[in-house]
Structures are given as structure tokens and as C-alpha cells.
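Below: the structure, in C-alpha cells.
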Amino acid sequence: MTQPDLPLAEWIVLALMAERPSHGFAIASLTAEGAEIGEFWYISRPMVYRSITRLVERELITPVGAEEGNRGPQRMIYAATRSAKTAVGKWLSEPVAQLFDVRADLTCKLLLLQRRDSSPARLVERQRVVIDEIEESLRVKEHTGDHLTRAIYAWRLEHVRAARRFLDAVDVDAHAEPALPTAKTG
């Protein structure tokens, strides 16, 4: 199976279903405003259900049962296929190619890796290489063109520096020693 070309919302829904079989309401609860994923990348409930429909159509998830809703109809439970789980694993390990994808795609990958208790170190390392390549291509152009063109390249270089600081923060957290419990005295 070739790597599916999915929008970010569908990747997130698929990754959550790859963790364990689930229904749309549970996924929407994780992606709601202020929720674990939704705090950083909000996906509306209708978009979650559209994503599920598309993932079923693409045979990446399949219905595996139903669950009675507390105050509503039965909820269909879906599970990711074996090939979809493999695709999710590959997607989570791939750095983003474009600088503007760091904010959404990369942060979501990091959140999803954290949910899996997987170290982000390899992804961060690979992302640094991509960021370095982007910076090198911008540095070649930063002193060319008129003042507006130079300002745009300067702006992009600031984004590179911000992305690098973000990766540094993630990397520090990934390699931090777990805090030891403190003994209570007195």
C-alpha cells in the first residue's frame, strides 16, 4: 500500500483510531476545543464524522461493532486496518517538508507520539535536517532582490529560527530526566 494522501484532520482521526477501536463521538471529544488534541488543533465534530466516512471509503478503517449511546443512538465503533496502522506509524515518523507545516502537522505528530508514549527524538532529529535545508536555501536568497524581497526572506528566516527553538524545547523535554518524588519532612 502506498502512503495515503490525507488532509491533517483525517490523519489525526486515523491515528487516534490506530491507537484502539473507537467511535466518532470519542474522537470528537479528543479534538474538541480545549480538549487534549483540540487544544492545539481543533477538529469540529462534523469534520470528525466526515473524516470517518472518507477513511471507511478508502478502506483505512472498518466498522467492528456498535455501542449503545448514553442519550442517543448506537455508536458505530471503527478500527484501523493493519495497513492503515503501518501508514500511521510511517506518517508519525516523517518530518514535515514545508516550514508552514511545523505549526500544525508537526505539533500534531508530536502530540500523537506523546499519546503513544513514543519518544519524539528520531522525528525531531529528522526535522532538524529539513529545517537546516530550508535555512540553507533561504540564506542563498536573503540578500537578493529589492527591499521587500529581502524583508520576506528575513521573515522566513525568523520562522526557521522559531522552528529550531521549538525543536530545541521538544528535544530538551524528550531527554529530560524524570522528576524524582520528593520526601515529605516534618
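Numbering (the numbering used here), first residue to last: 3 to 188.
For glycine and all other residues, C-beta sits at the position ideal for the given N, C-alpha and C.
query	result
Residue nearest to residue 109 in terms of C-alpha spacing, selected from 140, 144 and 38	38
Coarse secondary structure for residue 98, derived from DSSP in three states	coil
8 Å Cβ shell around residue 120 - same chain, five flanking residues per side excluded	94
First and last residue of the uninterrupted alpha helix (DSSP H) at residue 142	123-143
Nearest-angstrom Cα separation, counted from residue 22 out to residue 69	15 Å
Coarse secondary structure for residue 22, derived from DSSP in three states	coil
6 Å Cβ shell around residue 34 - same chain, five flanking residues per side excluded	40
Cα-Cα separation between residue 105 and residue 98, rounded to whole angstroms	10 Å
Counted within 10 angstroms of its Cβ, other Cβ atoms place residue 1 as buried (16 or more) or exposed	Summary: the structure shown does not reach residue 1, with the chain confined to residues 3 through 188, and so no result is reported for it.
Other residues of its chain near residue 182: CB distance less than 6 Å, five sequence neighbours each side excluded	With a pLDDT of only 42 at residue 182, under the threshold of 50, the placement of this residue in the model should not be trusted, and no figure is reported.
Residue 114 versus residue 17 - alpha carbon distance	7 Å
For residue 36 and residue 62, the rounded distance between their alpha carbons	28 Å
Closest Cα partner of residue 52 within the set 13, 89 and 74	13
Nearest to residue 26 (by Cα), restricted to the options 67, 79 and 83	79
Beta-carbon contacts of residue 137 that lie in its chain and below 6 Å, excluding the five residues immediately before and after	162
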